[in-house]
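S.K.: What follows is a structure written as structure tokens; I'll ask about it next.
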Amino acid sequence: MNQLIFISLSTLTIVSALFMVFSRKPMYSVLSLIFCFFTVAGHYILLNAQFLAITHVIVYAGAIMVLFLFVVMLLNLNTVADQIKTMGFRVAAMIGAGMLFLVLLASLKSTTLGTFSFPEDNGMGMVEHVGMRLFTDYLLPFEISSILFLSAMIGAVLLAKKEKR
Amino acid sequence: MTFLGLMIPLLPLLGFLVNGLLGKYLPKGSAGWIGSLSVLASFVCVLLIFKDLQAEQAISIDVFNWIALGDFSISFGLWIDALTMIMLMVVTGVGFLIHLYSIGYMHGDEGFTRFFTYLNLFIFFMLLLVMGSNYLMMFIGWEGVGLCSYLLIGFWYKNEPFNDAAQKAFVMNRIGDLGFLLGMFFILFHFGTLDIQTVEQLAPGLASNGGLIMIITLLLFIGATGKSAQLPLYTWLPDAMAGPTPVSALIHAATMVTAGIYMIVRSNVLFALAPDTLTIILWVGVITSLFAAIIGLKQNDIKKVLAYSTVSQLGLMFVALGLGAFSSGIFHLVTHAFFKALLFLGAGSVIHALHGEQDIRKMGGLKKLIPITYITFILASLAISGFPLLSGFFSKDEILAHAFEQNKIVWIVVAVSSFLTAIYMFRLVFLTFFNNFRGSDETRSHIHESPWTMTFPLVVLCILAVLGGLIGLPAIFHVSHWLNTYLASVTEPSAALIHHGDGISHGLEIGLMCFAGLAAIVAIYLMYRKYVMQKAIPESEESQQGFIKAIANKFYVDEFFENAIVNPVFKLSEWFGTFFDKKIIDQIVNRTATTITSGGQALRLSQGGNTGTYVLAMVIGIVVLFIIRLLI
Amino acid sequence: MMTILLLFLPLLAALVVLLGGSKHASSIALGLAVAELAVTAYAINVFQTEGPEAFYVFHTWIDSPKVSFHLGLDGLSLVMVILTNLLVPLIILSGFNRTIPNAKGYFSLILLMQFALVGVFMAMDGLLYYIFWEVALIPIYFIALRWGGHNRVAITLKFFIYTLAGSLLMLFGFIMLYWYNPEQSFDIRELYTMVISQENQSWLFWMFFLAFAIKIPIVPFHTWQADTYRESPTQGTMLLSGIMLKMGIYSLIRWLLPVLPLGVAKWGQLAMILCVIGIVYASIIALKQKNLKNLLAYSSVAHVGLIAAGIFALNIQGLQGSVVQMFAHGVNVVGLFFCADIIFNRTNTNEISELGGIRNLAPLFSTMFTIVVLGSIALPLTNGFIGEFLLLYGVYEYNVWLSVFAGLTIILGAAYMLRMFKKVMLGQPSSYVPEFPDLYWNEKIVLGVFVLIIFGMGIYPQPIFNLVEPVLQDILSHSIL
Amino acid sequence: MEHTTQLVPLNWYLLLSTFLFCLGVMGVLIRRNAIIILMCIELMLNSVNMLLVAFSSYSGNSDGQVFVFFIMVVAAAEVAVGLALLVSIYRNLGSTDIDLLNKLKW
Amino acid sequence: MNTLIYTAGLGMVCLAMEILDLRKLLVPVILLGLAVIFGVNLMSWADSGPVIFAGLDMSSMLLVDHFSVAFNGVLIVAAAFLFAMSHDFYKDEQHHLSDYLTIIVFILCGAMVLTSYSNLVMMFLGIEIVSISLYILAGSRRHDLRSNEAGMKYFLMGSFASAVLLFGITLLYGASGSFKLTEIASYAATYGMDSPMFLVGSLLVVCAFLFKVAAVPFHFWSPDVYEGSPSLVTTLMATLVKVSFFAAFYRLMSSGFAGIDPHTSTILVIVAAATMIVGNLVALKQINFKRLLAYSGIAHAGYMLLAILSLKTNSASALLFYGATYILATIGAFAVALPVFSSTGKETIDAFDGLGRKKPFIAGMLTLSMLSLAGIPPLAGFLGKYYIFSEAIHNGYVAITLLAVITSIIGVYYYFKVILAMYTKAGEDTEIQFPMLYSIVGIICVALSILLGLWPGGLMGLL
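Residue numbers (my numbering), protein chains in the order written: chain A, 473 to 637; chain B, 268 to 899; chain C, 4 to 484; chain D, 221 to 326; chain E, 45 to 507.
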């Protein structure tokens with residue numbers, strides 16, 4: 473059952489990702505990526521990371537991708553199809569990425585994952601547990617990430633704000 | 268004695284310093300007197316020492332320790348023994364006369380002071396050469412006289428060929444000097460000292476190492492050939508006539524060029540231990556003597572004739588040395604110093620009278636115009652030609668006798684060359700002094716006898732040239748050979764080592780003497796007939812042909828050296844300088860740099876500005892690193 | 004204290020000159036350089052009475068890695084320091100009567116150079132020595148760059164990078180030595196006594212040798228030299244040829260022979276052959292040089308080739324000869340370049356073919372020039388002879404045939420020097436020499452001192468032998484196993 | 221999830237993530253539109269997230285999940301900054317094609 | 045820990061001052077604040093230890109040890125220089141001043157995290173704080189297309205590298221089950237060599253770091269970004285950021301991977317070699333000063349990789365010393381370059397033409413900085429190189445050190461191009477405005493360079 477769900481979800485993920493990568497229209501890419509993110513959320517649920525799945529949908533599909541959509545539409549990018557790279561470069565890119573995949577696989581193929589066991593649903597993925605971790609052990613990174621946000625915020629405003637001249 | 272010994276070289280040095288440093292503050296013309304008197308004073312010191320010093324005695328003066336390091340030390344030392352005494356007397360005596368002569372000869376020259384400065388310096392170095400107690404001291408003098416020779420040949424430095432001649436003299440001497448230097452290294456290495464006396468004492472002990480002694484002596488002999496103008500290093504001497512005539516008389520006839528002979532006699536034990544070297548010396552002397560005499564036959568420059576004559580006579584001295592007759596060599600050295608100095612001074616007087624004319628074809632008939640010069644010159648010519656009972660007759664005869672005794676072929680060649688000596692000398696005499704003057708009338712009207720400062724030395728030297736033979740009268744006169752006796756303490760150690768001939772009978776000796784005298788007279792007569800009676804004058808260069816032309820052109824030896832050595836070296840220099848150094852070595856350096864920069868340029872172009880390419884490079888980089896990681 | 008003063012006085016002087024303004028820069032510089040010379044004279048005095056121990060300075064400088072501020076002044080160093088401190092005032096004095104833009108910078112750099120040179124000669128710790136060695140390069144580079152001739156930019160950069168390349172290899176060598184040293188320090192005493200395998204020594208040898216060979220320079224690493232000498236301002240050339248290249252030779256004696264005896268044993272012969280080839284090669288090239296400074300540069304290559312050959316002969320005569328000849332060559336070559344400068348100053352050319360006839364116009368100058376030339380062609384009783392005699396003898400002891408070959412220098416040296424002298428000074432005055440004022444007062448002093456040294460050393464060299472004898476014996480004992 | 225269900229081997233997640241990651245890499249390489257490239261990077265991040273969650277769940281260690289939060293934080297910040305840059309460029313260039321950004325080279 | 049908090053607080057103060065319209069006081073306040081922070085940092089030297097945050101032991105996140113305190117000190121000083129220069133640099137952009145400065149303060153925070161992290165989460169956050177802030181700053185000249193391009197390129201490639209980093213971290217986590225450096229280290233010590241996942245993960249993380257420090261072949265961003273960014277940002281990237289990344293890299297290698305395994309060392313040797321060669325060679329042909337320094341930075345990265353390779357007690361000191369000297373020399377150079385650029389309007393090397401005549405003192409500062417970068421004694425750059433080389437040789441990396449020596453000879457050439465421009469070219473007659481603060485920064489940097497060259501003990505003895 474799980475395997476079946478996994479396989480179907482994975483197929484959807486991969487197909488939508490492929491569509492995202494190869495679509496010439498930015499709008500289609502955005503939409504397929506949103507779809508892809510939903511399938512990833514499905515994987516999270518499959519892995520008993522329910523809270524994360526929700527957050528994922530909210531943050532990625534709800535915020536990030538909307539931002540993308542917004543920009544695509546703002547800049548009116550969807551009217552013309554994207555330019556594509558030269559054939560030679562694309563072949564090189566395919567070979568490069570393919571090689572990366574092969575090399576990673578070759579390196580990882582002998583991995584034994586003996587220390588891993590079946591994931592019990594012990595509430596690990598629920599909001600209480602994750603929240604506890606975040607505000608105890610991970611309190612410092614949590615606070616530090618606020619600096620990151622602050623910085624990004626200032627930056628986004630700095631870069632995108634129209635100057636009053 | 269020590270003080271006097273020290274004063275001998277120091278007085279000329281003082282003269283040099285006074286003239287050199289204060290010359291321009293002194294009254295004009297005083298330089299000549301300062302120079303001459305300093306040498307005279309030195310001569311007086313020599314005489315004082317000579318008076319007291321017994322023949323077998325020697326004075327050793329250690330001035331200070333010059334170089335002392337490791338296991339050897341070389342002192343700045345002087346050594347005076349019989350041989351030195353002879354040389355000292357020649358150097359200071361003849362030197363003084365020539366200084367005196369120069370006062371008149373150089374009168375009015377703008378470099379008057381400079382001339383005497385150099386001349387005094389020369390005397391100083393020459394004295395160091397003969398007085399040095401070790402080879403290095405000798406070498407100081409050896410190079411020092413070379414320097415003075417250089418300075419004096421190029422005395423009239425505005426004249427380019429004179430400068431070339433000076434440079435040639437110095438460089439050719441340096442070739443010999445390298446031999447000398449290497450010889451010294453061998454001595455120093457194997458004997459552990461450069462002290463001549465010590466070396467002479469130790470030499471027999473090392474005689475078993477025959478090759479070693481031979482190498483040393485050969486190297487020393489190379490030095491001697493350079494300084495004493497023997498084949499093949501003689502070509503500088505004729506060119507050296509560019510210097511003022513007193514210089515030719517002093518340096519290039521009487522003193523410096525005999526340094527080689529002095530050096531060999533000084534190291535006679537070493538040479539006696541190397542019979543092969545002696546043979547080489549013998550043949551070099553023989554060939555040089557004949558070769559130079561032949562060239563002398565066809566020279567038209569009054570000084571060039573004398574120069575080749577000098578080379579030839581020096582060859583004769585080497586013959587004596589090669590025969591192991593060291594004192595005979597010295598004997599001829601002394602007499603030669605007298606008559607050749609006289610000849611040069613006479614020639615100088617002629618040139619002085621003719622305002623610089625040196626070509627004998629433009630002279631003639633001078634005997635009445637400059638009588639003192641004429642008389643002294645002709646006596647000197649007779650002496651060098653071996654006219655009986657004059658000094659040259661005895662000294663030359665002694666060598667001929669030794670030659671006859673040991674090697675008939677040598678005797679024949681040497682006899683021929685002395686015959687030729689008479690020929691070219693009297694060709695010179697007759698062309699210069701007899702018949703009518705061939706120059707312009709304008710010149711003719713100015714000809715006058717030289718002042719006393721010039722004629723006095725001529726007369727004194729003439730007396731010496733005539734009577735000089737008395738110091739070495741042969742046994743047939745039933746008097747002791749004074750020079751041989753006097754030098755015995757020096758030459759004796761070697762005498763035992765040399766296989767002399769059986770000696771020749773008195774009768775044979777008289778026969779030889781008569782033969783030699785007769786030959787000289789015949790030669791003189793032949794020349795008289797040709798140049799006085801037939802009034803022949805030498806042909807111009809263009810009309811000469813064949814062998815005669817070769818002789819007149821000095822057998823093209825200079826050209827040979829020019830083309831075989833000098834030009835190739837210059838070519839090599841240009842090739843090294845403009846091609847090898849710049850195009851090969853430097854290019855390797857520069858190319859390394861340009862290769863690196865062009866590598867930089869190529870790598871720079873990989874940075875094309877395209878983000879995709881950059882990322883691709885990163886991906887490939889990761890892949891490659893993974894592959895490396897997987898493979899190793 | 005003495006040592007510190009000796010070292011830092013020039014640095015102080017450089018600062019004073021820099022702050023003192025251009026107007027009096029040369030006088031201030033001269034005064035301070037003379038003061039340094041006076042200190043040196045006093046140091047000689049102290050050395051005579053108390054020996055090298057009086058100059059021992061040791062402070063720990065860096066703990067890890069262990070680098071100490073270790074200065075010492077033994078006979079060898081003292082000779083080199085004397086040479087430096089004697090030449091620098093004269094070099095400064097030679098700059099009088101010349102218009103030098105931004106004089107304060109110029110003289111200050113010269114004094115800075117002096118500081119570094121003194122440091123090189125006194126440093127007894129490898130890294131300290133190396134630092135001084137590199138520091139010496141900076142001022143001379145800027146002197147040549149700022150005040151040099153037309154093509155100076157490319158040529159001085161080549162010089163800088165070429166010599167620096169050698170130096171960095173040496174640094175690498177020093178680091179290797181440091182880790183080979185069980186005590187892990189750069190101290191010269193430990194480097195002398197430590198044991199390194201033959202294999203390591205033989206490649207370390209090249210690290211050091213290359214650095215020194217480029218600096219000296221030994222053929223075929225000499226190609227930077229003639230150009231640099233020609234393009235540098237005279238004082239720069241004097242510093243370069245008179246003192247700086249002695250750094251290389253000094254270092255051969257001080258650092259290469261005793262530290263890497265096995266390396267020298269293995270490769271010394273090759274180095275020797277290079278040196279000897281260099282002598283003849285450079286002499287032959289010098290024969291036909293058209294530019295006076297170029298000719299002098301090549302003659303310098305020939306001379307230092309002989310000096311280096313004497314060192315690799317590994318005997319006391321060769322070493323003594325090299326020390327004496329270093330001193331002599333320092334004086335002679337500086338004198339020669341100064342003469343070239345005097346000629347250039349008056350005629351604006353150094354092309355030999357354009358010169359001639361100066362002898363007649365400037366008799367005093369000619370006499371001085373002649374004497375310096377004679378010193379340089381090693382006439383007996385001049386300083387050049389003692390060194391050359393001992394060096395050739397040293398080489399002779401090493402190998403007879405090499406000495407014959409090396410001995411050609413006395414023939415060729417005479418040939419090119421006299422040819423140069425003839426063309427430049429003798430003959431009829433050329434059109435480039437319309438008038439030629441004789442020596443100015445400062446030139447008289449400089450050349451006069453040189454002439455005195457030339458004869459003084461030529462006649463009585465023994466003090467130098469005595470100074471360096473113990474040091475050289477010690478070095479020899481370490482370098483011959 | 222019931223025990224009876226067949227387990228999904230962890231390797232599958234590893235494989236899927238690696239594939240998605242490389243797909244993202246390929247997207248970054250072959251696309252010229254900066255927006256799409258940014259999205260491809262997001263895809264790469266997501267593949268990482270997924271793997272993290274998988275490791276976390278399979279090992280019963282919630283660190284991985286917490287980490288995913290931080291990745292999301294960073295991704296959001298990145299996107300904000302990236303899109304701001306993009307807008308800025310679009311104003312100057314009138315395009316979001318990164319191949320036109322080649323003034324800086326060599 | 046306190047250092048970090050104070051720094052973050054300083055950032056807040058900056059923002060607050062913007063609101064209170066106190067821009068004129070901004071730079072003095074920041075400098076004052078940095079002085080305080082420097083003091084705080086010094087105090088934490090003595091009692092460095094576990095980090096307590098809100099009563100929780102955070103030592104698994106941050107570890108304040110001597111290494112981090114020393115590096116923090118260097119970084120604070122570097123930041124102080126940058127802020128001092130920013131006063132004049134941003135003269136025409138007063139309305140954004142607080143934004144820029146706040147971001148730089150936050151970068152300093154990120155850098156401090158990077159020097160003291162003990163958890164991969166913190167490492168990741170540190171990297172991202174620094175990187176994202178830099179993307180902003182690089183692209184902050186909004187109307188300058190070159191700045192835009194720099195920002196965009198940096199952003200795209202940086203994000204890509206972050207993704208690679210994350211993938212690596214994930215695999216490390218998968219293998220070891222933790223993000224804590226201590227646990228990863230113990231895992232590495234036990235199973236490290238046998239776990240493919242761990243090896244792949246570590247290699248990917250290393251690759252990401254190689255990107256951040258601009259090592260070949262991950263260096264391509266750096267010249268373009270350096271050239272396009274505003275010059276002060278270039279300075280920031282070349283100095284503070286680069287050194288903080290190296291500190292992080294070193295920390296990861298030494299405490300995370302428990303030393304270096306032969307595979308990784310081989311890879312690092314290859315990368316270091318390529319970095320030295322490419323950096324030095326390409327720099328030869330540059331005419332843009334910033335681009336030149338970018339390649340010089342790449343070359344220096346190659347040398348600093350030697351310190352990473354060596355990984356012994358002394359090599360941390362060597363890295364610290366090298367980083368400090370590199371920062372001093374680079375800031376010294378930029379302190380001269382920034383006003384020259386703004387006066388002449390050029391950023392090429394010929395902007396310096398004739399500076400030796402016009403402003404000899406300023407030219408002298410630049411000369412000394414260049415000499416220090418070239419590693420000429422007695423400047424500190426020499427000792428920096430020396431320590432690095434010495435450590436590398438001691439650890440057996442002889443061949444690569446020899447290569448480093450040879451390439452540093454090449455390096456001299458391009459540093460001297462700048463010097464030659466100043467002293468041998470005539471140059472235009474444009475008046476060079478040279479504000480006071482630049483000179484002060486320059487003088488201090490050069491003085492410190494000389495001082496460290498003569499008394500390296502102060503910094504070398506720390507670690």
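Where is the CB? At the ideal position from N, CA and C, for every residue including glycine.
1) Is there a Cβ of chain D sitting closer than 8 Å to that of N877/B, yes or no?
2) Taking the alpha carbon of G54/C as the reference point, which residue from H481/C, F163/C, L470/C, Q476/C has its own alpha carbon closest?
3) Please report whether the beta-carbon of I389/C lies at a distance below 8 Å from any beta-carbon of chain B.
4) Please classify N266/D: does DSSP put it in a helix, a strand, or coil?
5) Between the stretch 160 to 187 of chain E and chain A, which residues of the former have CB atoms less than 9 Å from a CB of the latter, in chain order?
6) Please state the DSSP three-state secondary structure of F341/C.
7) Just verifying my parser: in three-state terms, what is the DSSP assignment at K429/E?
8) Taking the runs of the alpha helix (DSSP H) that are 4 residues or longer, which of them lie wholly in the stretch 239 to 264 of chain C?
9) May I have the straight-line CA-CA distance separating H519/B from A139/C, to the nearest angstrom?
10) Hey, could you find the ends of the alpha helix (DSSP H) W346/B is sitting in?
11) What are the residues in the stretch 859 to 876 of chain B lying within 7 Å of chain D by C-beta distance?
12) Counting only runs that start and end within the stretch 478 to 542 of chain A, where is the alpha helix (DSSP H) found for 4 or more residues in a row?
13) Could you tell me whether the stretch 161 to 178 of chain C touches the stretch 442 to 461 of chain E, where touching means 3 or more Cβ pairs closer than 8 Å?
14) Go ahead and label E222/D buried or exposed: buried means 16 or more other beta carbons lie within 10 angstroms of its beta carbon, across all protein chains shown.
15) The alpha helix (DSSP H) spanning A553/A covers which residue range?
16) Bridge partners for I65/C per DSSP, in chain order?
17) Using a Cβ-Cβ cut-off of less than 7 Å, give me the residues of the stretch 203 to 214 of chain E that come near chain D, in sequence order.
18) Take I328/B and list the residues in its own chain whose beta-carbon comes closer than 7 Å to its own, dropping the five residues that flank it on each side.
19) Among the residues of its own chain, which have a CB less than 8 Å from the CB of L48/E, if the five just before and after it don't count?
20) Under 8 Å between the Cβ atoms of G413/B and F389/B?
M.R.: Concretely, from the data shown:
1) Yes, contact with chain D.
2) Taking the Cα of G54/C as reference, the smallest distance to any Cα among H481/C, F163/C, L470/C, Q476/C is reached at L470/C.
3) Chain B, which has a Cβ nearer than 8 Å to the Cβ of I389/C, makes this yes.
4) Three-state DSSP puts N266/D in a helix.
5) Listed in sequence order: N163, V165, M166, F168, L169, G170, E172, I173, I176, S177, Y179, I180, L181, G183, S184, R186, H187.
6) Here DSSP, grouped into helix, strand and coil, assigns F341/C to helix.
7) Helix at K429/E.
8) At a cut-off of 4 residues, the continuous stretches assigned as alpha helix (DSSP H) that sit fully inside the stretch 239 to 264 of chain C are 248 to 254.
9) Within the model, the alpha-carbon separation for H519/B versus A139/C is close to 52 Å.
10) Premise fails: W346/B lies in the beta strand (DSSP E), 339 to 347, not in any alpha helix (DSSP H).
11) Within the stretch 859 to 876 of chain B, the residues whose Cβ lies closer than 7 Å to some Cβ of chain D are R871, L872, Q874, G875, G876, listed in chain order.
12) 498 to 518, 522 to 528, all fully within the stretch 478 to 542 of chain A.
13) At 8 Å Cβ cutoff, the stretches touch.
14) Reliability fails at E222/D, whose pLDDT of 40 lies under 50, so the model's placement of it is uncertain and the value that follows must be treated cautiously. Within a 10 Å sphere around the beta-carbon of E222/D sit fewer than 16 other beta-carbons, which makes this residue exposed.
15) Run containing A553/A: none; DSSP gives neither H nor E here.
16) V70/C.
17) Residues are counted here when their Cβ sits less than 7 Å from a Cβ of chain D; for the stretch 203 to 214 of chain E these are S203, F204, A207, L210, F211, T214, given in chain order.
18) Here the set comprises T269, G272, L273, G344, L345.
19) Cβ-Cβ distances below 8 Å link L48/E to L106, C153, M156, V157, S160 in the same chain, with the five nearest sequence neighbours on each side left out; the list follows chain order.
20) Contact annotation: G413/B and F389/B have beta-carbon atoms that are not nearer than 8 Å.
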